[in-house]
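Following this note's numbering, the numbering of the sequence shown begins with 745 at its first residue and continues without gaps.
To keep things clear, I will list the structure first and then write my remarks on it.
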Amino acid sequence: MAGENVIDLVPAPGDQLRPTCGGGPANIAVALARRGVPTALVGSVGGDHFGRRIWRRHIAAGVRRDWLHRTDLPSTLGLAVVREDGRADYDYWTTGTADFAWEGRALPKPDPARVDLVHFGSLAAYLEPSARAIEHWVNRARRSVPVSFDPNIRLSAMGEAAKVRERTERLVGLSTLVRVSERDLAQLYPGTAVDAIAREWLEAGPELVVVTLGDAGSVAFHRGHVTEMAAPRVDLVDAIGAGDAFTSGLLGWLTSAGWMRRDRLGAWGNRTVVAAALRYASQLAGHACTVPGAP
């Protein structure tokens, strides 16, 4: 996993804000490690109180921290405003924070004998200087192992939609698997049908494009099939972290089942295999919706 650790400030009773550990790649790493999937996070952690809290979270979950760099810089903050449908809008404080200070750092070379995949995405894949370092690293890694990408679009922090769309398309072209939300796509391609975007992305390089549709479920696009999966019925608290939970389930199932290898990607053309991965991912995302903040 490569990306940021964010402290999300989420609504709490009495008009209060509760700080919780978040950040897309960090959430995915923690979720995988908690379920016994060996996972390392490549990134940075701040030197403030929040940074120490983030570090303890990774220790407790069992995330490997060999390439998790500790700095004196402050942690990134994100203010989550939860809407009536449970989804959240965010404001971010990113300037001068630990998560994007990647210049001059040596990143690990993925060994296919020891590494099943590289996953990246979210703010660190879009904000400089971390974005440049991650792109170069992913471009090298994809020659050896499958690469997973979750854009997790946050225009409030990433900038102008047209430039974010251009960068997203370039990163999609470097990826083997892409998980993206319908809401992400609506921000980048307003008025364009999900299936049209997914098929265009498939032509750019990925083997599989998975789109999550909120309470309408999810759909996976492969050159040989389109597979849909319903979302489980849950008592919604909020949807913070639900997308990350889904991605962790998708990657975790494919890895544990032995299909996350360059020489076994043909299995993704099997509708039964993909449906099983979607079903498991949907269950985890549903559970995430029943607890406040990222689980």
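In this text, a Cβ means the ideal position worked out from N, Cα and C, and glycines have one as well.
- Task: Could you spell out where the beta strand (DSSP E) holding S866 opens and where it closes?
- Result: Residue numbering aside, residue 866 sits at position 122 when the sequence shown is read from its first letter. S866: not part of any beta strand (DSSP E); DSSP gives it neither H nor E.
- For the region 926-944 against the region 1008-1024, are there 3 or more C-beta pairs whose distance is under 8 Å? Below 8 Å, too few C-beta pairs join the region 926-944 and the region 1008-1024 to call them touching: fewer than three.
- Message: What would DSSP say about E947, mapped onto helix, strand or coil?
- Response: Translated into positions along the sequence shown, residue 947 becomes position 203. If DSSP states are grouped into helix, strand and coil, E947 belongs with the helices.
- Task: Determine contact between the region 978-986 and the region 994-1002, defined as no fewer than three beta-carbon pairs at a distance below 8 Å.
- Result: The region 994-1002 and the region 978-986 do not touch, with fewer than three beta-carbon pairs separated by less than 8 Å.
- Task: Assign W717 to one of three DSSP states: helix, strand, or coil.
- Result: Past the edges of the chain, shown from 745 to 1039, lies residue 717, and the structure says nothing about it.
- Message: Counting beta carbon pairs with one atom in the region 801-821 and one in the region 761-776, are three or more of them shorter than 8 Å?
- Response: Contact annotation: the region 761-776 touches the region 801-821, with at least three C-beta pairs closer than 8 Å.
- Query: In this structure, does DSSP put A942 in helix, strand or coil?
  - Reply: Your numbering for residue 942 matches position 198 in the sequence shown. Residue state, collapsed to three classes: helix.
- Task: Could you spell out where the alpha helix (DSSP H) holding W997 opens and where it closes?
- Result: By 1-based counting over the sequence shown, the position of residue 997 is 253. Per DSSP, W997 belongs to the alpha helix (DSSP H) from 986-1000.
- Note the first and the last residue of the continuous alpha helix (DSSP H) segment covering G768. Locating residue 768 in the sequence shown gives position 24, where the first residue counts as 1. Here the alpha helix (DSSP H) through G768 covers 768-778.
- Closest Cα partner of D959 within the set G1030, V938, A901: Here the question's residue 959 lines up with position 215 in the sequence shown. It is G1030.
- Task: Using beta-carbon positions only, say whether R921 and S900 come within less than 8 Å of one another.
- Result: The count along the sequence shown starts at 1 and reaches residue 921 at position 177. The count along the sequence shown starts at 1 and reaches residue 900 at position 156. Residue identity check: residue 921 is Leu in the sequence provided, not Arg. No, Cβ-Cβ distance for L921 and S900 is not below 8 Å.
- Taking just the CA atoms, how far does S962 sit from G968? Within the sequence shown, the letter at position 224 stands for residue 968. Within the sequence shown, the letter at position 218 stands for residue 962. Between G968 and S962, the C-alpha separation is close to 17 Å.
- Backbone CA spacing between V789 and V781 [nearest angstrom]: Along the sequence shown, one-based indexing puts residue 789 at 45. Along the sequence shown, one-based indexing puts residue 781 at 37. Take the alpha-carbon of V789 and the one of V781: they are about 22 Å apart.
- Message: I'd like to know whether the C-beta atoms of F990 and L1028 end up nearer to each other than 8 Å.
- Response: Here residue 990 is taken as the residue at index 246 of the sequence shown, counted from 1. Here residue 1028 is taken as the residue at index 284 of the sequence shown, counted from 1. Taking 8 Å as the Cβ cut-off, F990 and L1028 qualify as a contacting pair.
- Determine the direct distance from the alpha carbon of T820 to that of G974, and round the result to whole angstroms. By one-based count along the sequence shown, residue 974 stands at place 230. By one-based count along the sequence shown, residue 820 stands at place 76. Contrary to the premise, residue 974 reads as Ala rather than Gly in this sequence. Looking at the two C-alpha atoms, the distance is approximately 34 Å.
- State the Cα-Cα distance for the pair V978 and T1034, rounded to the nearest angstrom. Looking up residue 978 in the sequence shown gives position 234. Looking up residue 1034 in the sequence shown gives position 290. The alpha-carbon atoms of V978 and T1034 are separated by roughly 7 Å.
- What residues match up with F844 in a beta bridge as DSSP calls it? Residue mapping note: residue 844 aligns to position 100 of the sequence shown, counting from 1. Bridge pairing for F844: absent [DSSP].
- Task: Hey, could you find the ends of the beta strand (DSSP E) L753 is sitting in?
- Result: Walking along the sequence shown from the start, residue 753 turns up at place 9. Per DSSP, L753 belongs to the beta strand (DSSP E) from 750-756.
- Closest by C-alpha distance to T815, when choosing among W837, P769, N749: Here residue 815 refers to the residue found at position 71 when the sequence shown is read from its first residue. In terms of CA proximity to T815, N749 leads the group W837, P769, N749.
- Task: Spell out a yes or no on whether the region 851-858 and the region 830-840 are touching, meaning 3 or more CB-CB pairs, one atom from each, closer than 8 Å.
- Result: Contact between the region 851-858 and the region 830-840 is absent, because fewer than three Cβ pairs lie under 8 Å.
- For the region 785-818, which segments carrying the alpha helix (DSSP H) assignment without a break, of at least 4 residues, lie completely within its bounds, in sequence order? If we require 4 residues or more, the alpha helix (DSSP H) runs fully inside the region 785-818 come out as 793-805.
- Item | Buried versus exposed call for P890 [16 or more other C-beta atoms within 10 Å across all chains shown] | Residue 890 sits at position 146 when you count from the first residue of the sequence shown. Counting other Cβ atoms within 10 Å of its Cβ, P890 reaches 16 or more and is therefore classed as buried.
- Item | A877 vs R849 beta-carbon contact at 8 Å | Sequence index remark: in the sequence shown, residue 877 carries index 133 (1-based). Sequence index remark: in the sequence shown, residue 849 carries index 105 (1-based). Contact flag set, yes.
- Using the Cα positions of R1015 and V970, report the straight-line distance between them to the nearest angstrom. Here residue 1015 refers to the residue found at position 271 of the sequence shown. Here residue 970 refers to the residue found at position 226 of the sequence shown. One C-alpha to the other measures close to 8 Å.
- Query: Is it the case that the Cβ atoms of W837 and A746 are separated by a distance below 8 Å?
  - Reply: For the purposes of this step, residue 837 is taken as residue 93 along the sequence shown, with counting starting at 1. For the purposes of this step, residue 746 is taken as residue 2 along the sequence shown, with counting starting at 1. Not closer than 8 Å, so no.
- Excluding the 5 residues preceding and the 5 following A905 in the sequence, name in chain order all residues of the same chain whose CB lies nearer than 8 Å to its CB. Along the sequence shown, read from residue 1 onward, the residue named residue 905 stands at position 161. The beta carbon of A905 lies closer than 8 Å to those of L899, Q931, L932 in the same chain, with the five residues before and after it left out.
- Kindly indicate which residue of P976, L995, R914 has the alpha-carbon position closest to the one of V954. Numbered from its first residue, the sequence shown carries residue 954 at position 210. Nearest C-alpha to V954: L995.
- Item | Buried versus exposed, by CB contacts within 10 Å (16 or more), G758 | Counting from 1 along the sequence shown, the entry for residue 758 is found at position 14. The residue in question, G758, is exposed, as its Cβ has fewer than 16 Cβ neighbours within 10 Å.
- Message: Counting C-beta neighbours from all protein chains within 10 Å, is the total for L753 16 or more, i.e. buried, or is it exposed?
- Response: In the sequence shown, the residue the question calls residue 753 occupies position 9. With 16 or more other Cβ atoms within 10 Å, it is buried.
- Item | Anticipated Cβ contact below 8 Å, W846 with S874, distance rounded | For this step, residue 846 is matched to residue 102 along the sequence shown. For this step, residue 874 is matched to residue 130 along the sequence shown. Yes, W846 and S874 are in contact; Cβ-Cβ is about 4 Å, under 8 Å.
- Message: Judging by CA-CA distance, which residue of P950, A784, R886, V825 is the nearest neighbour of L812?
- Response: The residue labelled residue 812 in the question sits at position 68 within the sequence shown. Closest by alpha carbon: A784.
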